[in-house]
Amino acid sequence: NPSLLEALGDALYADDCGEASSFAYVAAKACYESGDRYLDALNERIAKNEALFRDALSLFPFLHLVSGPATYLLYVEATEIEDVEDYLDYLKNVGGVAFSSGTLYGDKNHFRVNIAVPEATLQEAIRRFVTATKQYCSKR
Numbered sequence: 161n162p163s164l165l166e167a168l169g170d171a172l173y174a175d176d177c178g179e180a181s182s183f184a185y186v187a188a189k190a191c192y193e194s195g196d197r198y199l200d201a202l203n204e205r206i207a208k209n210e211a212l213f214r215d216a217l218s219l220f221p222f223l224h225l226v227s228g229p230a231t232y233l234l235y236v237e238a239t240e241i242e243d244v245e246d247y248l249d250y251l252k253n254v255g256g257v258a259f260s261s262g263t264l265y266g267d268k269n270h271f272r273v274n275i276a277v278p279e280a281t282l283q284e285a286i287r288r289f290v291t292a293t294k295q296y297c298s299k300r
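All you need for this note's numbering is the position in the sequence shown, starting with 1, plus 160.
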């Protein structure tokens, strides 16, 4: 299906995910061959990060975490926000935190959050997200 292939390509390249660096191949091989401890630590970090983001999200009853098979990518439903693109632009331009628009994946009422980051980075992103979301809501 050519149109489906084109949509997939657009989504991959929209987030600069379409090309791996030469280092990525070496890292993937090392992880595959001897990455058990790394994988265990990574899964633990991601679980903690998800709990941190889930706690922050609970401050806003109009945002809902959608369960799915992804590990470090959280999908947030924002159907109660009138213009999700405007909200995401506000978070990025005013709040200094950017999330991927669900329109890249065929759903304008959702957005995607990557939590595969160090805890300190996520804590700062959460601080910005909470502050900007409160400001956004107070202006509406």
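Glycine included, C-beta positions come from ideal geometry on N, C-alpha and C.
If you run the structure through DSSP and keep just helix, strand and coil, what is Asn161?
If DSSP states are grouped into helix, strand and coil, Asn161 belongs with coil.
Inter-residue spacing [alpha-carbon to alpha-carbon] between Thr239 and Cys297
If I take the Cα positions, the gap works out to 14 Å.
Leu212 and Val273: beta carbons closer than 8 Å?
Between Leu212 and Val273, the gap from beta carbon to beta carbon reaches 8 Å or more.
Val226: buried (16+ other C-beta within 10 angstroms of its C-beta) or exposed?
Classification of Val226: exposed, given that the 10 Å Cβ count is below 16.
If you run the structure through DSSP and keep just helix, strand and coil, what is Ser260?
In this structure, Ser260 counts as strand in the three-state DSSP scheme.
Does the Cβ-Cβ distance between Val257 and Phe289 come in under 8 Å?
Closer than 8 Å, so yes.
Taking only heavy atoms of the ligand HEM into account, decide whether any of them is closer than 7 Å to the Cβ of Asn203.
Questions concerning the ligand HEM fall outside what the structure shown contains, since it holds no ligand whatsoever.
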